[in-house]
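**Student:** Residues in the sequence shown are numbered from 511 upward in steps of one, following my numbering.
Sharing a structure with you now.
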Amino acid sequence: MTIKIRNRIYLSLSLAGVYFLVIYTALFIYAAFNNLLESPMNPLRPGTMFRFNFQASLASIFFFGASAPAIAFFILRGFEKTSSLEILFFTGVIISGIAEETRLLIPVLNLWNSSSRLLIFLGRICVIARILAPFSLLFSALFSSSDQLENAERNLFCLFAISCAFGFFYPINSNEISSNCTVLYGMKSLFGVIRIFVVITAIITTFINSHLSGNFREDLHGYGKCLGIVLFSAGNIALQFCDSIPMLIIGIVFYSSGCALYLKEMHYMANNWS
511 MTIKIRNRIY LSLSLAGVYF LVIYTALFIY AAFNNLLESP MNPLRPGTMF RFNFQASLAS
571 IFFFGASAPA IAFFILRGFE KTSSLEILFF TGVIISGIAE ETRLLIPVLN LWNSSSRLLI
631 FLGRICVIAR ILAPFSLLFS ALFSSSDQLE NAERNLFCLF AISCAFGFFY PINSNEISSN
691 CTVLYGMKSL FGVIRIFVVI TAIITTFINS HLSGNFREDL HGYGKCLGIV LFSAGNIALQ
751 FCDSIPMLII GIVFYSSGCA LYLKEMHYMA NNWS
């Protein structure tokens, strides 16, 4: 895949992100002004450490929607002339953020007590989004070497195929919707273990790749990437399960700092790797 095609992909993602953000914002404003916006009566919370705040849940969803096109635009500008396979797989993270916006349809359309096919579909989209982001980081670590250049399209296809298959076959429990507008999935512990395992594997692989350079300075930037993955993943999970003000703040800080650090180190290593 050429740099020109990759840049077009990121331009398309940036425009698509803005488009969906405008659509969901318009639906949200319409529902709010017409008193159609519903909050959960007896919220099923993922955690009870902090006080429940439904506005924080909505804000976390909007943050995903706003950050996705913003990150895509900054990548387009910052990596415009940078040849890096790693940044190609980061498209999965962008798409994951856009997909998280679909959770807004639950309060906007008042689907809290529904069992419609739309609700099941929204649940599966959410599962795809939550497995796609960690797998994107893993594929970025595994298939970023120059000898994988000819297989870039195939590897990218495998990334999305695996995530979609996982999302559409994983069990969904449409009778339970959490306080953060998420249709719950079965075997939550197993799903969490899989995600954590994928992230840890991505960190270890990134660490090994940087250590193989045999250059101490390159090692330090590789460690920076590892830290970026940790911060980003922690922030991503915090925002996905956010239903309180403290979780919202923690999620935004970790997500933003982790993403910035990861992309910064990736940009340096792509331009200075020896």
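Heads up, the beta-carbon is just placed ideally off N, CA and C, and yes, glycines get one too.
In this text, all values refer to a predicted model and were calculated from it rather than measured experimentally.
Hey, could you find the ends of the beta strand (DSSP E) Tyr-695 is sitting in?
**Tutor:** Taken as a continuous stretch (DSSP letters only), the beta strand (DSSP E) holding Tyr-695 covers 693–695.
**Student:** Do Ala-566 and Met-757 have their C-beta atoms closer together than 8 Å?
**Tutor:** It is a contact, given that the beta carbons lie within the stated cut-off.
**Student:** Just checking my contact of Lys-698 with Ser-720 at CB under 8 Å: how many whole Å lie between their CB atoms?
**Tutor:** Going by Cβ atoms, the distance from Lys-698 to Ser-720 rounds to 33 Å, so no, they are not a contact pair.
**Student:** Quick one: what's got a C-beta closer than 7 Å to Cys-752's C-beta in the same chain, skipping five residues either side?
**Tutor:** Around Cys-752: Ala-566, Ser-567, Ser-570, Asn-690, Leu-758 and Gly-761.
**Student:** Looking at the structure shown, is Leu-586 part of a helix, part of a strand, or coil, going by DSSP?
**Tutor:** Here Leu-586 sits in helix by DSSP.
**Student:** Along the chain, where does the alpha helix (DSSP H) that runs through Ser-673 open and close?
**Tutor:** 662–679 is the span of the alpha helix (DSSP H), which, as asked, contains Ser-673.
**Student:** Which residues in the same chain as Gly-633 place their Cβ atom closer than 7 Å to its Cβ, once the five residues preceding and following it in sequence are excluded?
**Tutor:** Excluding residues within five positions, the ones whose Cβ falls inside 7 Å are Ile-682, Ser-684, Val-693 and Tyr-695.
**Student:** Cβ of Leu-741 within 8 Å of Cβ of Leu-771?
**Tutor:** Yes, the pair counts as a contact, with Cβ atoms nearer than the cut-off.
**Student:** With a threshold of 7 Å on Cβ separation, who are the neighbours of Leu-521 within its own chain once the five nearest residues in sequence on each side are excluded?
**Tutor:** Cβ neighbours of Leu-521 beyond the five flanking positions: Leu-586.
**Student:** By alpha-carbon positions, which one of Leu-773, Phe-600, Ile-706 and Ala-578 ends up nearest to Ser-646?
**Tutor:** Comparing Cα positions, the closest option is Phe-600.
**Student:** With C-beta atoms as the reference, is Thr-716 less than 8 Å away from Gly-702?
**Tutor:** No, the pair does not count as a contact, with Cβ atoms beyond the cut-off.
**Student:** Please classify Ser-654: does DSSP put it in a helix, a strand, or coil?
**Tutor:** Correct three-state label for Ser-654: coil.
**Student:** Touching or not, the segment 604–624 and the segment 647–654, by the rule of three or more beta carbon pairs under 8 Å?
**Tutor:** Cβ pair count under 8 Å is below three, so no.
**Student:** Given a cut-off of 8 Å on the beta-carbon distance, is the pair Tyr-534 and Leu-614 in contact?
**Tutor:** Yes.
**Student:** Buried or exposed: where does Pro-764 fall if 16 or more other Cβ atoms within 10 Å of its Cβ makes it buried?
**Tutor:** Reading the sequence as shown, one finds Phe at residue 764 and not Pro. The residue in question, Phe-764, is buried, as its Cβ has 16 or more Cβ neighbours within 10 Å.
**Student:** In this structure, how does DSSP classify Ser-688 when only helix, strand and coil are distinguished?
**Tutor:** Reduced to three states, the DSSP call for Ser-688 is strand.
**Student:** Who are the Cβ neighbours of Phe-726 in its own chain at under 8 Å, not counting the five residues just before and after it?
**Tutor:** Summary for Phe-726: the model assigns pLDDT 48, below 50, so the residue's position carries little reliability, and this model does not support an answer.
**Student:** Do the segment 620–630 and the segment 656–664 meet, that is, are 3 or more Cβ pairs less than 8 Å apart?
**Tutor:** The segment 620–630, when compared against the segment 656–664, does not touch it at the 8 Å Cβ threshold.
**Student:** Would you say Ile-604 and Ala-639 are within 8 Å of each other, going by their C-beta atoms?
**Tutor:** Cβ atoms of Ile-604 and Ala-639: not closer than 8 Å.
**Student:** State the beta-bridge partners of Ile-682 as determined by DSSP.
**Tutor:** In the DSSP output, where bridge partners are listed per residue, Ile-682 has Tyr-695.
**Student:** Our contact map puts Ser-577 next to Phe-564 with C-beta atoms below 8 Å; I'd like the distance itself, whole angstroms only.
**Tutor:** The pair is not a contact, with the Cβ atoms about 21 Å apart (cut-off 8 Å).
**Student:** Relative to the C-alpha of Gly-768, which residue among Ile-755, Phe-543 and Asn-746 is closest?
**Tutor:** Of the candidates Ile-755, Phe-543 and Asn-746, the one whose C-alpha sits nearest the C-alpha of Gly-768 is Asn-746.
**Student:** Taking the Cβ atom as the reference point for each residue, do Gly-575 and Leu-531 lie within a distance shorter than 8 Å?
**Tutor:** Against a cut-off of 8 Å, the Cβ pair of Leu-531 and Gly-575 comes out as a contact.
**Student:** List the whole-angstrom C-beta distance separating Asn-786 from Glu-610, where the pair is believed to meet the contact cut-off of C-beta under 8 Å.
**Tutor:** Since the first and last residues shown for the chain are 511 and 784, residue 786 lies out of range.
**Student:** DSSP three-state label for Leu-554, please.
**Tutor:** Here Leu-554 sits in strand by DSSP.
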